[in-house]
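Protein chains in written order, with the UniProt record's numbering: chain A, 1 to 145; chain B, 1 to 145.
Protein chains: 2
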Amino acid sequence: MLDDIDRRLLAVLVEDARLSLKELAARVGLSSPSVSERLRRLEERGVVRAYTVDIAPQALGYQLQAIVRIRPMPGRLHVVQKLIEETEAFCECDKVTGDDCFIARLFVRSIEELDRILDRIADKAETSTAIVKSQPIRRRPPPLA
Amino acid sequence: MLDDIDRRLLAVLVEDARLSLKELAARVGLSSPSVSERLRRLEERGVVRAYTVDIAPQALGYQLQAIVRIRPMPGRLHVVQKLIEETEAFCECDKVTGDDCFIARLFVRSIEELDRILDRIADKAETSTAIVKSQPIRRRPPPLA
DNA sequence: GACGTCGGTCGATATCGTCCAGCATGGCGG
DNA sequence: CCGCCATGCTGGACGATATCGACCGACGTC
């Protein structure tokens with residue numbers, strides 16, 4: 001599905017998605033129109049979902065990051081999901097198998113803010129909160145091989 | 001720290017980090033040299049950590065995503081952390097407070113692969129695995145406001 | 001073996017990025 | 001209160017880059 005050049009192209013873009021076509025072309029050993037065409041097709045096929053920017057949460061004042069496991073009370077699943085989605089501080093949420101229905105990541109400016117947000121869920125779900133102390137692995141794509 | 005234009009710039013870049021300076025300039029109502037200078041400073045100050053590409057894991061053959069909580073056995077913390085870091089399938093790992101020492105995200109091609117990877121940790125740590133069924137919120141930055 | 005398709009290069013032209021000079025604004029000291 | 005400096009913006013010129021069209025070669029099909 002992806003050939004070797006596509007993979008190298010993606011690997012380069014993971015590092016710097018703003019490189020010029022010319023530079024990308026040089027890195028993978030093609031001409032820039034070819035690279036342009038390959039990118040177009042990767043986008044079209046949905047391999048590339050988006051080009052985006054990685055922003056340091058600290059720079060925005062978010063000093064705290066928490067991972068919350070959320071188990072809605074019977075019959076409250078949809079209400080809880082909606083509440084999570086509408087809370088902007090939740091920056092990632094997965095619906096998973098097992099007792100915990102949702103696992104979500106939360107960025108907050110303070111413990112008080114964390115408490116305030118979790119309080120709003122407290123009567124509809126049980127939550128277990130873990131504060132992030134460090135990130136041995138910060139978001140990376142799965143191996144391209 | 002960040003003014004309104006910086007925030008709008010970041011908001012635009014989150015959506016498409018490959019837009020030209022000219023286009024970015026038009027979106028925030030400045031000239032392109034100004035935008036260029038603002039980006040340079042956002043990068044310099046560490047607000048922008050990187051420009052990157054969001055790749056669909058399915059396109060690479062990763063059909064399964066799991067979230068694993070990992071509790072190393074006494075004295076095994078560093079060995080376990082090293083093992084996690086060296087396993088490329090772990091694409092995110094946070095060290096957290098609480099009983100679970102690590103919470104990690106794993107991309108795999110099959111249940112067999114998941115089993116194989118967790119087996120390598122099994123004698124050094126207890127793990128609880130949750131398979132991701134859907135993603136109500138897929139990675140987004142915290143509110144820029 | 002001829003033909004169609006796909007993916008590539010090359011060169012011309014349009015578009016964009018960068019550099020520079022000059023100008024407006026806001027904060028500060030005399 | 002006024003002048004001065006620092007900062008950040010703009011516009012235009014010029015070099016760099018993207019895009020488009022024409023063409024080429026490899027490969028698979030009939």
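Cβ coordinates follow ideal geometry from the N, Cα and C atoms, glycine included.
Alpha-carbon spacing of residue i relative to residue j, whole angstroms
i, j, result
"residue 157(A)", "G61(B)", "The first residue shown for chain A is 1 and the last is 145, placing residue 157(A) beyond what the model contains."
"L77(A)", "L21(A)", "46 Å"
"L39(A)", "R18(B)", "12 Å"
"E113(B)", "T87(A)", "35 Å"
"D54(B)", "E43(A)", "10 Å"
"S34(B)", "A66(B)", "43 Å"
"D23(A)", "V28(B)", "Per the sequence shown, residue 23(A) should be read as Glu rather than Asp. Distance between the alpha carbons of E23(A) and V28(B) is about 27 Å."
"D4(A)", "L118(A)", "46 Å"
"Q58(A)", "K82(B)", "26 Å"
"M73(B)", "P142(A)", "27 Å"
"G75(B)", "D123(B)", "12 Å"
"L9(B)", "L2(B)", "11 Å"
"R41(B)", "R41(A)", "33 Å"
Whole-Å CB distance - residue i paired with residue j, under 8 Å assumed
i, j, result
"G46(B)", "A56(A)", "6 Å"
"A89(B)", "V108(B)", "6 Å"
"D100(A)", "Q135(B)", "Going by Cβ atoms, the distance from D100(A) to Q135(B) rounds to 15 Å, so no, they are not a contact pair."
"A50(B)", "D16(A)", "7 Å"
"L64(A)", "S110(A)", "7 Å"
Distance CB(residue i)-CB(residue j) smaller than 8 Å
i, j, result
"residue 146(B)", "V132(A)", "The structure shown does not extend to residue 146(B), since chain B spans only 1 to 145, so no value can be given for it."
"A11(B)", "L144(B)", "yes"
"T127(A)", "I70(A)", "yes"
"V14(A)", "T52(B)", "yes"
"R140(A)", "C91(B)", "yes"
"A25(A)", "I103(B)", "no"
"I137(B)", "V80(B)", "no"
Residue i - DSSP class collapsed to helix/strand/coil
i, result
"R138(B)", "coil"
"Q58(A)", "helix"
"E126(B)", "strand"
"Q81(A)", "helix"
"L64(B)", "strand"
"R45(A)", "coil"
"L106(B)", "strand"
"A50(B)", "strand"
"D119(B)", "helix"
"D94(A)", "strand"
"R27(A)", "helix"
"R76(B)", "coil"
"R18(A)", "coil"
The stretch 73-104 of chain B: positions lying closer than 8 Å to chain A by Cβ: Taking 8 Å as the Cβ-Cβ cut-off against chain A, the residues of the stretch 73-104 of chain B that qualify are Q81, I84, E85, E88, A89, F90, C91, E92, C93, D94, K95, V96, T97, G98, D100, F102, I103 and A104.
For the stretch 131-144 of chain B, which residues have a CB atom closer than 9 Å to at least one CB atom of chain A, in sequence order? I131, V132, K133, S134, Q135, P136, I137, R138, R139, R140, P141, P142, P143 and L144
Select from the stretch 54-72 of chain B all residues with a C-beta closer than 7 Å to any C-beta belonging to chain A, and list them in chain order. From the stretch 54-72 of chain B, only D54, I55, A56, P57, A59, L60, Y62 and I67 have a Cβ closer than 7 Å to chain A.
Check each residue of the stretch 20-51 of chain B: if its Cβ is closer than 8 Å to any Cβ of chain A, include it; give the result in chain order. R45, G46, V47, V48, R49, A50 and Y51
Closer than 7 Å, Cβ to Cβ, to anything on chain A: give me those residues from the stretch 114-132 of chain B, in chain order. A130, I131 and V132
Between the stretch 3-21 of chain A and chain B, which residues of the former have a C-beta closer than 8 Å to a C-beta of the latter? L10, L13, V14, E15, D16, A17 and R18
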